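One structure is given here, and the rest of the page talks about it.
Protein chains: 2
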Amino acid sequence: MRDSDTGLSLGAWIASVQERVERRLEACLPGAGETPARLHEAMRYAVLGGGKRVRPLLAFAAGEMAGAPLAVLEHAGAAVELIHAYSLVHDDLPCMDDDVLRRGKPTVHVAYDEATALLVGDALQSQAFETLANSGAAPADALAMVGCLARASGSRGMAGGQAIDLASVGSRIARAQLEHMHRLKTGALLTASVMLGALAAGNVTGATEQALLAYARAVGLAFQVVDDILDVETDTVTLGKTAGKDAMQDKPTYVSILGLAESKALAEDLRREAHAALEPLAGRARRLGELADFIVLRKH
Amino acid sequence: MRDSDTGLSLGAWIASVQERVERRLEACLPGAGETPARLHEAMRYAVLGGGKRVRPLLAFAAGEMAGAPLAVLEHAGAAVELIHAYSLVHDDLPCMDDDVLRRGKPTVHVAYDEATALLVGDALQSQAFETLANSGAAPADALAMVGCLARASGSRGMAGGQAIDLASVGSRIARAQLEHMHRLKTGALLTASVMLGALAAGNVTGATEQALLAYARAVGLAFQVVDDILDVETDTVTLGKTAGKDAMQDKPTYVSILGLAESKALAEDLRREAHAALEPLAGRARRLGELADFIVLRKH
Numbered sequence: 274m275r276d277s278d279t280g281l282s283l284g285a286w287i288a289s290v291q292e293r294v295e296r297r298l299e300a301c302l303p304g305a306g307e308t309p310a311r312l313h314e315a316m317r318y319a320v321l322g323g324g325k326r327v328r329p330l331l332a333f334a335a336g337e338m339a340g341a342p343l344a345v346l347e348h349a350g351a352a353v354e355l356i357h358a359y360s361l362v363h364d365d366l367p368c369m370d371d372d373v374l375r376r377g378k379p380t381v382h383v384a385y386d387e388a389t390a391l392l393v394g395d396a397l398q399s400q401a402f403e404t405l406a407n408s409g410a411a412p413a414d415a416l417a418m419v420g421c422l423a424r425a426s427g428s429r430g431m432a433g434g435q436a437i438d439l440a441s442v443g444s445r446i447a448r449a450q451l452e453h454m455h456r457l458k459t460g461a462l463l464t465a466s467v468m469l470g471a472l473a474a475g476n477v478t479g480a481t482e483q484a485l486l487a488y489a490r491a492v493g494l495a496f497q498v499v500d501d502i503l504d505v506e507t508d509t510v511t512l513g514k515t516a517g518k519d520a521m522q523d524k525p526t527y528v529s530i531l532g533l534a535e536s537k538a539l540a541e542d543l544r545r546e547a548h549a550a551l552e553p554l555a556g557r558a559r560r561l562g563e564l565a566d567f568i569v570l571r572k573h
Numbered sequence: 274m275r276d277s278d279t280g281l282s283l284g285a286w287i288a289s290v291q292e293r294v295e296r297r298l299e300a301c302l303p304g305a306g307e308t309p310a311r312l313h314e315a316m317r318y319a320v321l322g323g324g325k326r327v328r329p330l331l332a333f334a335a336g337e338m339a340g341a342p343l344a345v346l347e348h349a350g351a352a353v354e355l356i357h358a359y360s361l362v363h364d365d366l367p368c369m370d371d372d373v374l375r376r377g378k379p380t381v382h383v384a385y386d387e388a389t390a391l392l393v394g395d396a397l398q399s400q401a402f403e404t405l406a407n408s409g410a411a412p413a414d415a416l417a418m419v420g421c422l423a424r425a426s427g428s429r430g431m432a433g434g435q436a437i438d439l440a441s442v443g444s445r446i447a448r449a450q451l452e453h454m455h456r457l458k459t460g461a462l463l464t465a466s467v468m469l470g471a472l473a474a475g476n477v478t479g480a481t482e483q484a485l486l487a488y489a490r491a492v493g494l495a496f497q498v499v500d501d502i503l504d505v506e507t508d509t510v511t512l513g514k515t516a517g518k519d520a521m522q523d524k525p526t527y528v529s530i531l532g533l534a535e536s537k538a539l540a541e542d543l544r545r546e547a548h549a550a551l552e553p554l555a556g557r558a559r560r561l562g563e564l565a566d567f568i569v570l571r572k573h
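See the structure below:
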């Protein structure tokens, strides 16, 4: 990042990253008028103008610390957001969570149709890897980013976590199993976001990598614990997705297993753990620390 | 390829490539016992032990000509087959073609369930890019392969062709539109197969690239014309998938637009066009020529 950006307040920095990523997403997605127009329109509907862009923020914060070029971070941030957006479109399908509201709008299969939603997700995943291939990073770094994002997305990462999530509906699982599920379902991609930022710089040492991985593990789990808390404490309008969904679908959550008070204490412990993980990096990791707070203290 | 392989008969060469690709697919897919076991079992069910492996054969034939290392071709062939397998699993879903038979076995959503089939396709796509990232090719070549496969799979390639296909059901479309659809739906990935083989060698000249692209365009379209012919002329057991499906679903095909005799003449024209495209490459492209014949003259 340029020096001018590192002096920004967190809010201004977040807005600046969100705008950069939005512009990169705009540019890498085909135009809504390009054939097949319905598919391209639906892809843009699924991706643009919504979401907190938490994953790109993590990639930029790690990349800022490691000295990665801004243009490469824009591609990395867009790529991980494309994977995230595809996963939401597929998760919302009737054969999965069957949800009608996402980011305050009708889900893709409601606004379009199921077949289009399926293809939107499929095409967004391809677009993510195409975006990494065009990142402008040194080929070895770009290839490492492809491997990192692919592993995090696949059956040993996000897709595997989804499969475990589906199998857990209606069953009593232990806290360790719940944690394992979330480490795959949301943790893998959040961790990949941090590591993509570091890989974009191409010069990360083993010690820094270990610190970032420890940070990402804590933040990734904290993100899910807070998600579970918000699902019971916040209304649908504020969330932009159906509130109370987990209990309705009889899904095990941190709140259902630990209760609300203990879940909040866990989120706070994880926030401290994230900060502790950053200590070896001294002042260089300020944004990452601020993001840990942002993720745990968010209200939607 | 090693000299010993170039002296093989076409049949023996095909069997040897199929075996190499099968072993690579076996190795890159997680074991059926690995958590989440149901997902991993279904991924292996979708990929292993079936199909003609036409795409890997094209990658190997082009790679053989260009002098690509065998290990890199195994990864390239496996990657393109993973993309093909994912597309079949998703195409067979109820919201798409709703088919129950594939490669002579129940489709994945029938053998398992819809949600699992969705995740199988998603995870296989990630696995394809992970496999390319691990191909052992020089980073710049591997990255070019990632870009090539991602473009061919996405909304400007295979997924886009699927969207046009869905929109064309029950409508009268002109031959030019049908060709456009197939150039995306099947042609893009077949072309990518040829180009991945060439990229695996890392030293393909502009003239060779142009010849390969012209060859791939002809073979890609021929493949689909023959598919349409087989759909009306061959029984379900021989095909390993439901015969007569296109007419049943009122899908425009070469046979429905041109009639059977003219479709056969077109396939033969395209076979000749493929051979003509190879002429600048002289004897170096023998396997590619043989594969054009294999694809057009196949019986299932």
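Residue numbers (my numbering), protein chains in the order written: chain G, 274 to 573; chain V, 274 to 573. Heads up, the beta-carbon is just placed ideally off N, CA and C, and yes, glycines get one too. Since the model is a prediction, treat every value here as computed from it, not as a measurement.
Are there 16 or more other CB atoms within 10 angstroms of the CB of residue i, so buried, or fewer, so exposed?
{"i": "residue 277(V)", "result": "Residue placement at residue 277(V) cannot be trusted, given a pLDDT of 44 that sits under 50; what the coordinates show is reported in the next sentence. Label assigned to residue 277(V): exposed."}
{"i": "residue 303(V)", "result": "buried"}
{"i": "residue 520(G)", "result": "exposed"}
{"i": "residue 389(V)", "result": "buried"}
{"i": "residue 345(G)", "result": "buried"}
{"i": "residue 274(G)", "result": "Because the pLDDT at residue 274(G) is just 44, under 50, the model does not fix this residue reliably, and the point stays unresolved."}
{"i": "residue 575(V)", "result": "Nothing about residue 575(V) can be read from this structure; chain V reaches only from 274 to 573."}
{"i": "residue 510(G)", "result": "exposed"}
{"i": "residue 606(V)", "result": "Since the first and last residues shown for chain V are 274 and 573, residue 606(V) lies out of range."}
{"i": "residue 314(V)", "result": "buried"}
{"i": "residue 430(G)", "result": "buried"}
Run through chain G and tell me which residues come within less than 7 Å of residue i, C-beta to C-beta.
{"i": "residue 426(V)", "result": "399"}
{"i": "residue 419(V)", "result": "402, 406 and 419"}
{"i": "residue 344(V)", "result": "Neighbours of residue 344(V) on chain G: none; closest Cβ ~16 Å, over 7 Å."}
{"i": "residue 506(V)", "result": "Going along chain G, no residue has its Cβ under 7 Å from residue 506(V), so there is no contact; the nearest lies around 28 Å."}
{"i": "residue 388(V)", "result": "368, 369 and 439"}
Residue j and residue i - do their beta-carbons sit closer together than 9 Å?
{"i": "residue 626(G)", "j": "residue 397(G)", "result": "Outside the shown range of chain G, which is 274 to 573, sits residue 626(G), and nothing can be said about it."}
{"i": "residue 563(V)", "j": "residue 283(V)", "result": "yes"}
{"i": "residue 461(G)", "j": "residue 426(G)", "result": "yes"}
{"i": "residue 374(G)", "j": "residue 572(G)", "result": "no"}
{"i": "residue 331(G)", "j": "residue 543(G)", "result": "no"}
{"i": "residue 394(V)", "j": "residue 360(V)", "result": "yes"}
{"i": "residue 306(G)", "j": "residue 357(G)", "result": "no"}
{"i": "residue 433(G)", "j": "residue 309(V)", "result": "yes"}
{"i": "residue 545(V)", "j": "residue 399(G)", "result": "no"}
{"i": "residue 370(G)", "j": "residue 483(G)", "result": "no"}
{"i": "residue 416(G)", "j": "residue 402(G)", "result": "no"}
{"i": "residue 376(G)", "j": "residue 354(G)", "result": "no"}
{"i": "residue 547(V)", "j": "residue 492(V)", "result": "yes"}
{"i": "residue 350(V)", "j": "residue 311(V)", "result": "no"}
{"i": "residue 392(V)", "j": "residue 435(G)", "result": "yes"}
{"i": "residue 568(G)", "j": "residue 499(G)", "result": "yes"}
{"i": "residue 486(G)", "j": "residue 456(G)", "result": "no"}
{"i": "residue 414(G)", "j": "residue 336(G)", "result": "no"}
{"i": "residue 380(V)", "j": "residue 372(V)", "result": "yes"}
{"i": "residue 467(G)", "j": "residue 419(V)", "result": "no"}
{"i": "residue 490(G)", "j": "residue 440(G)", "result": "no"}
Going along chain V in order, which residues have a C-beta closer than 8 Å to the C-beta of residue i?
{"i": "residue 303(G)", "result": "428 and 429"}
{"i": "residue 553(G)", "result": "The premise fails here: residue 553(G) is roughly 29 Å from chain V at the closest Cβ pair, so nothing lies under 8 Å."}
{"i": "residue 391(G)", "result": "363, 366, 368, 369 and 391"}
{"i": "residue 432(G)", "result": "312, 392, 395, 396 and 399"}
Quick one: which chain G residues come within Cβ less than 8 Å of residue i?
{"i": "residue 311(V)", "result": "436 and 440"}
How many whole angstroms separate the CB atoms of residue i and residue j, which I take to be in contact at a CB cut-off of 8 Å?
{"i": "residue 333(G)", "j": "residue 470(G)", "result": "6 Å"}
{"i": "residue 384(V)", "j": "residue 318(V)", "result": "6 Å"}
{"i": "residue 553(V)", "j": "residue 480(V)", "result": "6 Å"}
{"i": "residue 343(V)", "j": "residue 321(V)", "result": "No, residue 343(V) and residue 321(V) are not in contact; Cβ-Cβ is about 20 Å, not under 8 Å."}
{"i": "residue 558(G)", "j": "residue 338(G)", "result": "5 Å"}
Using a cut-off of 7 Å between C-beta atoms, extract the partners of residue i located in chain V.
{"i": "residue 412(G)", "result": "412, 413 and 416"}
{"i": "residue 338(G)", "result": "In chain order: nothing, as chain V lies at least about 24 Å away."}
{"i": "residue 423(G)", "result": "399, 402, 403 and 406"}
For a contact defined as C-beta to C-beta under 9 Å, what are the partners of residue i on chain V?
{"i": "residue 468(G)", "result": "Within chain V, no residue comes near residue 468(G); the closest Cβ sits about 14 Å away, beyond 9 Å."}
{"i": "residue 316(G)", "result": "428"}
- prompt: With a cut-off of 8 Å, do at least 3 Cβ pairs link the region 404–418 of chain V to the region 431–448 of chain G?
  reply: Verdict: no, contact absent.
message: With three or more C-beta pairs closer than 8 Å as the rule, is the region 494–506 of chain G touching the region 525–532 of chain G?
response: With a cut-off of 8 Å, the region 494–506 of chain G and the region 525–532 of chain G count as touching, because enough Cβ pairs lie within range.
message: With three or more C-beta pairs closer than 8 Å as the rule, is the region 285–295 of chain G touching the region 316–332 of chain G?
response: The count of Cβ pairs closer than 8 Å, one atom from the region 316–332 of chain G and one from the region 285–295 of chain G, reaches three, so the stretches are in contact.
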